[in-house]
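Residue 97 in the working numbering sits at position 97 of the sequence shown, with consecutive numbering throughout. Using N, Cα and C, we set each Cβ at its ideal position, and we do this for glycine too. Just so it is clear, the structure is predicted and the values come from calculations on it, not from any experiment. Notes follow once the structure below has been shown.
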Amino acid sequence: MKNRIRLIFALALACAAMSTAALASDNGYLYLVQGVPGLDYSSTTDPQFPVDVLINDEVCYVHGLAFGTIDGPLTLVPGSYDVKISVANSLAPCSETPIVDSTVTVPSAENVSAVFALNSSGTPTLETFSNDFEAVAADNARVLFDLAADSPAAQVILKNTTTNKSYTYSATARAQLRTTVPAGSYTVSVSEGSTTLVSSYPLTLNSQSVTLIFATGEASNNTVTLQTKTIRNVI
């Protein structure tokens, strides 16, 4: 009798674990990126421009997210979310008037980046990009380049510093460039026509990794910068 009870209890635990795993696989994931330099917002704003992020008017998910910072991923139930971004208030987070009030859709089992950036008129906005986290083959690395900067288009060059081989791509504003290259040490350069926006940014691309690159800032005043995040063991 005791053995039967133990067996029933073990089966119940296994079923619970399986249900939890099934629910988890249906979640969506969200990265939040602060890509607006303070001085691009106003001449008197803190260059780090920390902001608070309120989701669905319920939870102040992020407090004091500074320029150049990537937060997440947040694990969310699939659906559409109201996202409000406001100037950080350390005493009462998420209490300031929103700079941006936008809707972000997070699909089931998908990964999304929401980038606080400047649009073509220099106004703060929230740009969203879907991230490809399908398995990456051994000795390769996937690069997801999001052009969220106030730049109409750009040329992106990945140069392998060991082999000196260069990979050249055209990036479209508000769109994502996806590519896979051999793993290794690289530099990234970004230009708009004859104007260099980012001269040589060092980047290590690990085998079977995905590297998110966010180009933010304004091309017109030479404030374009890159923020990166690498996710390893994408297998």
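Query, Result
"Once DSSP output is grouped into helix, strand and coil, what is the label at Asp26?", "coil"
"When DSSP builds the beta bridges, which residues end up paired with Ile157?", "Thr168 and Ser189"
"Taking just the CA atoms, how far does Thr211 sit from Leu205?", "7 angstroms"
"Where does Gly64 sit, in a helix, a strand or coil, going by DSSP?", "strand"
"DSSP three-state call for Gly38: helix, strand or coil?", "helix"
"What does Arg178 pair with, by DSSP beta-bridge criteria?", "Leu144"
"From Arg174, Pro202, Ala148 and Glu127, pick the residue whose C-alpha is nearest to that of Leu158; which is it?", "Pro202"
"Could you tell me whether the region 50-61 touches the region 136-151, where touching means 3 or more Cβ pairs closer than 8 angstroms?", "no"
"Please return the same chain residues whose Cβ sits closer than 7 angstroms to the Cβ of Pro98, not counting the five positions on each side in sequence.", "Lys84, Ile85 and Ser86"
"Determine the direct distance from the alpha carbon of Val33 to that of Thr228, and round the result to whole angstroms.", "10 angstroms"
"Using the Cβ count rule (16 or more neighbours within 10 Å means buried), how would you classify Asp101?", "exposed"
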